[in-house]
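In our numbering, the protein residues as written are 1222 to 1411.
Worksheet: the structure to be examined is printed underneath.
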């Protein structure tokens, strides 16, 4: 089964994006390459009982099993030992990536209370990172079973060469960017 957003991108959005960016070659049109979902486990590094439910929650959100990330060296100031589990990450590609992005844009982000859009800053290479403070916005998570609410980071990697191309690709896909608000100048006190 092909992802809905992927079909829409290929049939409607890609030709429109090619025309808007003024590209002659359809292969030069920016596209999604992967989405990386990362969760730092925080207190779970000290309490092993918290680790499994958080990893299972990330697996439910992403639709595939996360990989545990470990420390490379010991840092005593942070109470970290070498090879200690500090987070988990999932890299999504193909249809799983498209389905996750569709659920993020259509269901999860609009469910945030007082949501006014996401920031417009990209990383300089056309990639976008988004921090979510509470992962219970995803419909796969039942709030009753949560012992500790955690945040997660989502990085959308594109083939765009510039931030403007990447921003235009994400805007075309439906990313709810914040509108630039015009601020009236403050009256100068004499």
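Heads up, the beta-carbon is just placed ideally off N, CA and C, and yes, glycines get one too.
These figures come from a predicted structure and were not determined experimentally.
Strand pairing of residue i, partner residues [DSSP]
i            : result
residue 1372 : Answer is none; residue 1372 lacks a bridge partner.
residue 1296 : 1301
residue 1398 : 1339
Range of the contiguous beta strand (DSSP E) that encloses residue i
i            : result
residue 1310 : 1306 to 1313
residue 1261 : 1253 to 1261
residue 1351 : 1349 to 1353
residue 1289 : 1288 to 1291
Buried or exposed by the 16-neighbour rule on C-beta atoms within 10 Å, applied to residue i
i            : result
residue 1225 : exposed
residue 1332 : exposed
residue 1240 : exposed
residue 1248 : exposed
residue 1336 : exposed
residue 1228 : exposed
residue 1222 : Here residue 1222 scores only 46 on pLDDT, less than 50, and its place in the model should not be relied on; the value that follows carries that caveat. That one is exposed.
residue 1404 : Below a pLDDT of 50, predicted positions are generally treated as unreliable, and residue 1404, at 47, falls in that range; the measurement from the model is reported next regardless. Exposed, since its Cβ has fewer than 16 Cβ neighbours within 10 Å.
residue 1243 : exposed
residue 1253 : buried
residue 1236 : exposed
residue 1304 : exposed
residue 1278 : buried
residue 1400 : exposed
Rounded distance between the beta-carbons of residue j and residue i, thought under 8 Å
i            : j            : result
residue 1370 : residue 1384 : Not a contact, Cβ separation roughly 32 Å.
residue 1397 : residue 1345 : The pair is not a contact, with the Cβ atoms about 22 Å apart (cut-off 8 Å).
residue 1307 : residue 1291 : 7 Å
Terminal residues of the alpha helix (DSSP H) in which residue i lies
i            : result
residue 1227 : 1225 to 1229
residue 1236 : 1235 to 1242
Between the stretch 1373 to 1385 and the stretch 1241 to 1259, can you find at least three pairs of beta-carbon atoms closer than 8 Å? Because the criterion of three Cβ pairs below 8 Å is met, the stretch 1241 to 1259 and the stretch 1373 to 1385 touch.
For the pair the stretch 1295 to 1315 and the stretch 1356 to 1369, tell me if three or more CB-CB distances fall below 8 Å. no
Check whether the stretch 1313 to 1320 and the stretch 1279 to 1295 touch, using three or more Cβ-Cβ pairs below 8 Å as the test. yes
Pairs of beta-carbons, one from the stretch 1261 to 1274 and one from the stretch 1387 to 1398, closer than 8 Å: are there three or more? no
Are at least three pairs of beta-carbons, each pair with one atom in the stretch 1336 to 1355 and one in the stretch 1378 to 1388, less than 8 Å apart? yes
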